[in-house]
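Colleague: Protein chains in written order, with the numbering used here: chain A, 1 to 329; chain B, 1 to 570.
1. How far does the alpha helix (DSSP H) with residue 187(A) in it extend, from its first residue to its last?
2. Can a CB atom of chain A be found closer than 8 Å to the CB of residue 403(B)?
3. In three-state DSSP terms, what is residue 179(A)?
4. Since residue 388(B) is in the alpha helix (DSSP H), which residue starts that stretch and which ends it?
5. Ignore the nearest five residues each way along the sequence and tell me which others in residue 295(B)'s own chain have a CB closer than 6 Å to its CB.
6. To the nearest angstrom, how far is it from the Cα of residue 274(A) to the Cα of residue 155(A)?
7. According to DSSP, which residues form a beta bridge with residue 159(B)?
8. Note down, in chain order, every chain B residue with its Cβ under 7 Å from the Cβ of residue 148(A).
9. Label residue 282(B) either buried or exposed according to how many other C-beta atoms from any shown protein chain fall within 10 Å of its C-beta, with 16 as the threshold for buried.
10. What are the residues that DSSP puts in a beta bridge with residue 240(B)?
11. Do the CB positions of residue 337(B) and residue 269(B) come within less than 8 Å of each other?
12. Give me the residue from 126(A), 87(A), 7(A) and 96(A) with the minimum Cα distance to residue 292(A).
13. Is residue 51(B) near residue 222(B), with beta carbons less than 8 Å apart?
14. Following the continuous beta strand (DSSP E) through residue 411(B), name the residue where it begins and the one where it ends.
15. So which residues on chain A does residue 244(B) lean against when the C-beta distance must stay under 7 Å?
16. My parser needs the alpha helix (DSSP H) runs of 4 or more residues fully inside the segment 320 to 382 of chain B; what are they?
17. What is the DSSP secondary structure of residue 310(A), reduced to helix, strand or coil?
18. How many Å lie between residue 142(B) and residue 394(B) at the Cα?
19. Does residue 52(A) come within less than 8 Å of chain B when only Cβ atoms are used?
20. Chain B partners of residue 99(A), CB-CB under 8 Å?
21. From residue 135(A) to residue 141(A), what does the alpha carbon distance come to, in whole angstroms?
22. Among the residues of its own chain, which have a CB less than 7 Å from the CB of residue 31(B), if the five just before and after it don't count?
23. In whole angstroms, give me the CA-to-CA distance for residue 94(A) and residue 57(B).
24. Does the segment 225 to 233 of chain A come close enough to the segment 185 to 198 of chain A that 3 or more CB-CB pairs lie under 8 Å?
25. Terminal residues of the continuous beta strand (DSSP E) containing residue 526(B)?
26. Answer with yes or no whether the minimum CB distance from residue 296(A) to chain B is below 8 Å.
27. I'd like the list of long-range same chain contacts for residue 511(B), defined as Cβ closer than 6 Å, with 5 residues on each side in sequence excluded.
28. In terms of residue numbering, what span does the alpha helix (DSSP H) encompassing residue 535(B) cover?
29. At 9 Å on the CB atoms, spell out the chain B contacts of residue 176(A), in chain order.
30. Can you tell me which of 205(A), 5(A), 214(A) and 258(A) puts its alpha carbon nearest to the alpha carbon of residue 151(A)?
31. Could you have a look at residue 128(A) and say whether DSSP puts it in helix, strand or coil?
32. Would residue 38(A) count as contacting chain B if we go by Cβ distances under 8 Å?
33. Between the segment 118 to 130 of chain B and the segment 143 to 151 of chain B, can you find at least three pairs of beta-carbon atoms closer than 8 Å?
34. When we look at the beta-carbon of residue 410(B) and count the other beta-carbons within 10 Å, is it buried (16 or more) or exposed?
35. Measuring alpha carbon to alpha carbon, tell me which residue in 139(B), 211(B) and 153(B) is nearest residue 129(B).
36. From the DSSP secondary-structure annotation, give me the bridge partner or partners of residue 261(B).
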């Protein structure tokens with residue numbers, strides 16, 4: 001119990017610092033929302049007087065002092081009000097995040113879990129078969145790992161969406177057929193179909209890391225005395241591999257998935273941008289480009305909270321599966 | 001080359017503006033003179049098209065999630081609302097020099113001193129909720145808190161079809177703003193709103209235009225033809241506006257036939273047009289170097305010396321910039337900021353009509369030497385030991401501007417001036433120009449929406465449209481150069497107070513004399529404005545032969561006119 005209480009205090013302090021930084025950082029960017037919006041509109045010509053008047057009234061520089069804005073921000077946070085987006089006016093930040101979050105969690109979450117399972121299983125196998133032909137395959141996966149996301153995404157798009165139009169180029173569902181999100185089999189099919197290329201991108205670029213880490217841990221675990229004992233006892237190979245080897249070798253990877261699930265929400269920003277996928281990462285880029293304070297704060301807050309929550313859960317789980325962590329904390 | 005071809009056709013097309021068969025009825029200009037529609041051989045373009053329910057897919061530049069608003073006062077209004085759903089009294093074709101096209105207004109007339117504008121409205125128009133369009137709506141649209149300009153001192157309706165707007169001062173120059181960019185909204189809905197009209201999303205807009213909203217989501221919106229439209233139901237009954245995040249994706253979608261109409265920059269249009277996709281380029285907006293020119297208002301740097309600006313203007317090789325940075329797609333620019341081809345009549349004979357297209361290094365150096373600069377050992381001119389050094393910023397990622405800046409760096413060095421090309425973020429660009437904290441910036445000037453350069457003189461060079469360095473410009477002020485010249489200000493007043501062309505021309509001549517010498521903005525080229533359209537399934541697009549409206553899908557007002565003129569090919 002003391003373990004949990006201590007962690008909670010540390011997390012509370014982290015949260016306060018993170019939220020304050022969320023507030024401060026966007027305001028250190030040069031420019032203000034009104035200027036940027038006008039600059040954007042004027043690239044297209046035709047800014048009507050009425051629109052200028054609206055910009056002046058709605059998005060001009062706030063008059064309140066920074067300190068006052070900070071207090072207001074906390075007040076709003078406690079009421080669950082994240083403010084209104086400038087960039088996507090008149091949508092509220094909560095509704096924007098609400099509609100982007102499921103896409104990020106759905107796609108990136110599923111892809112990360114898949115990647116984890118595939119990577120761990122292959123790593124276990126590769127570690128088990130150490131010193132055989134399998135070792136020659138391992139370096140190729142690290143090569144995949146080193147490829148940048150956006151590059152993999154663009155290559156996939158080029159071959160499977162442009163040259164051969166097998167998969168869609170953009171979007172989370174077929175926006176040519178469906179007027180809005182809906183609950184139907186056809187829509188679900190469309191979502192899955194649109195998710196395939198982005199998911200493959202994530203798996204290709206992240207599976208190597210899991211695989212290599214797992215394989216190396218597996219190799220060192222297999223050298224432990226208790227494994228030798230198990231072999232001496234004449235246990236079945238499969239039992240030794242899974243129960244004696246893999247279970248212990250997985251510990252560092254479990255700590256890793258906690259952190260990486262946290263980053264799921266930040267949505268592999270680049271991947272979402274390349275595929276025009278309607279997730280949190282893309283929302284964040286749009287917010288930063290438009291100096292949209294409320295939106296940036298909201299998105300950063302969600303990311304911060306998710307990472308903290310994921311790390312907290314990992315801490316708890318880790319305490320459960322590895323008694324040493326509880327003792328030393 | 002593009003320019004010379006365009007010039008002839010723009011003139012020809014202008015006379016055909018009236019030819020839009022459905023809209024021509026009752027179209028008249030300010031003097032009440034009936035427009036002759038018989039000289040429009042190609043006027044049948046709109047009528048040729050057949051009714052079609054094939055869905056026309058448009059990208060008007062919206063990124064996802066798209067802004068859920070059809071509020072015409074909102075800066076993020078969906079493009080289709082301006083022209084497709086809400087209409088103005090007249091449509092001013094910025095691509096041609098003809099008379100404005102009658103929409104909700106049947107005729108208008110100024111009184112002799114420009115303080116009264118009498119408008120006759122179209123009869124028999126209904127809002128898409130069935131209510132009739134009346135003079136109350138017009139008066140509300142001109143006098144509400146948001147759109148109503150402060151200079152309107154009175155608005156009355158002497159009878160059921162006439163509205164008289166009165167002003168304290170002559171407002172001839174606001175004709176476009178009043179008739180061409182004030183959208184008519186229904187008083188019976190907007191007057192009784194419970195919330196602030198600016199903040200209202202207006203998701204079920206009640207307008208008079210050819211389309212009504214069917215659905216909207218974060219990714220796309222659909223509109224359907226308004227069966228009771230006063231100009232007749234549009235031939236293309238279903239239109240979908242999609243959100244796309246970047247040009248690369250949009251180009252792929254265009255080439256695979258998923259998008260039918262888009263206005264965006266594609267540096268290599270050939271692979272697209274080879275697929276049979278229609279293409280038109282209508283350069284409109286000048287690309288210039290903003291110079292923070294006015295030391296009196298706090299500008300710093302060598303560009304505050306007019307001799308340096310003049311030398312830079314001469315040192316630039318615009319042909320090279322056009323070919324290398326803008327892949328030859330831009331138009332040639334006039335130092336008077338009149339759009340060549342469209343506004344030729346306003347260019348004074350005493351100033352050069354075109355900016356020099358090739359570098360003239362000797363003349364540039366002569367100007368510097370006359371101003372007291374001497375060539376230093378390193379080949380750079382200096383005065384009192386202080387060499388000419390300026391930073392030219394451009395927004396990172398606007399590759400055409402970045403490349404142009406690099407070329408200018410080389411060309412200026414050849415003439416003996418150090419210009420350092422630097423890239424900045426979008427935010428720094430927006431803040432820098434607004435606060436005057438810059439030396440040189442590659443930037444754009446908004447081309448005028450009517451065939452007259454006045455708006456650029458007033459908004460971009462008028463002393464009333466600027467603030468000292470350090471004070472950000474108000475929204476609606478565009479004088480980033482901090483230019484402040486009494487003669488220009490005086491002549492802007494003169495031009496604003498008259499409809500007489502000769503008086504106006506004299507005023508413009510005086511202004512042009514000043515600005516071509518002072519060069520608060522150093523003109524580079526006229527930006528390309530490219531439009532791509534599906535000509536296989538649809539007909540009636542604006543073409544170089546029949547440029548009845550500004551073609552890109554994002555054109556405010558224009559897109560409604562174009563949509564209503566389209567039809568299916570079968």
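All C-beta atoms, glycine included, are put in the ideal place defined by N, C-alpha and C.
Modeller: With the structure as the only source:
1. Run containing residue 187(A): 185 to 222, per the alpha helix (DSSP H) assignment.
2. With 8 Å as the cut-off, residue 403(B) does not count as an interface residue toward chain A.
3. In the three-state scheme derived from DSSP, where H, G and I count as helix and E and B as strand, residue 179(A) is classed as coil.
4. Annotation: residue 388(B) is outside any alpha helix (DSSP H) and is labelled neither H nor E by DSSP.
5. Within the same chain, and ignoring the five residues on either side of residue 295(B) in sequence, the residues whose Cβ sits closer than 6 Å to its Cβ are 304.
6. Answer to the nearest angstrom: the Cα atoms are 11 Å apart.
7. Note: residue 159(B) sits in a beta bridge opposite 162(B).
8. Chain-ordered listing is empty here: chain B has no CB closer than 7 Å to the CB of residue 148(A), the nearest sitting near 17 Å.
9. Under a 10 Å Cβ-count criterion, residue 282(B) is classified as buried, with 16 or more other Cβ atoms of the shown protein chains found around its own Cβ.
10. For residue 240(B), the pairing in a beta bridge is given by DSSP as 57(B) and 222(B).
11. For residue 337(B) and residue 269(B), no; Cβs fall outside 8 Å.
12. Answer by Cα proximity: 87(A).
13. Result no, Cβ atoms of residue 51(B) and residue 222(B) do not sit closer than 8 Å.
14. Element bounds for residue 411(B): not the beta strand (DSSP E) but the alpha helix (DSSP H), 399 to 415.
15. Proximity of chain A to residue 244(B) at the Cβ level (cut-off 7 Å) is accounted for by 170 and 276, in chain order.
16. Those alpha helix (DSSP H) runs which fall completely within the segment 320 to 382 of chain B and span 4+ residues are 361 to 370.
17. Helix at residue 310(A).
18. Looking at the two C-alpha atoms, the distance is approximately 39 Å.
19. Yes, because at least one Cβ of chain B sits closer than 8 Å to the Cβ of residue 52(A).
20. Listed by position along chain B, the residues whose Cβ is nearer than 8 Å to that of residue 99(A) are 65 and 218.
21. Answer to the nearest angstrom: the Cα atoms are 11 Å apart.
22. Per-residue confidence for residue 31(B) stands at a pLDDT of 38, beneath the threshold of 50, marking its modelled position as unreliable; the derived number appears in the next sentence. For residue 31(B), where only same-chain residues beyond five positions count, there are no Cβ hits under 7 Å.
23. The C-alpha of residue 94(A) lies about 30 Å from the C-alpha of residue 57(B).
24. Touching, no.
25. In the DSSP assignment, residue 526(B) falls within the unbroken beta strand (DSSP E) covering 521 to 526.
26. Answer no: the Cβ-Cβ gap between residue 296(A) and chain B never drops below 8 Å.
27. Cβ neighbours of residue 511(B) beyond the five flanking positions: 457, 488 and 491.
28. No alpha helix (DSSP H) contains residue 535(B), which DSSP labels as neither H nor E.
29. Taking a Cβ-Cβ cut-off of 9 Å, the neighbours of residue 176(A) in chain B comprise 55, 57, 220, 240, 242 and 258, given in sequence order.
30. The shortest C-alpha separation from residue 151(A) is found at 205(A).
31. Helix at residue 128(A).
32. By this cut-off, residue 38(A) is an interface position.
33. In short, these stretches do not touch, since the Cβ pair count stays below three.
34. Answer is exposed; the Cβ neighbour count stays below 16.
35. Looking at 139(B), 211(B) and 153(B), the one whose alpha-carbon comes closest to that of residue 129(B) is 211(B).
36. Answer is 58(B) and 533(B).
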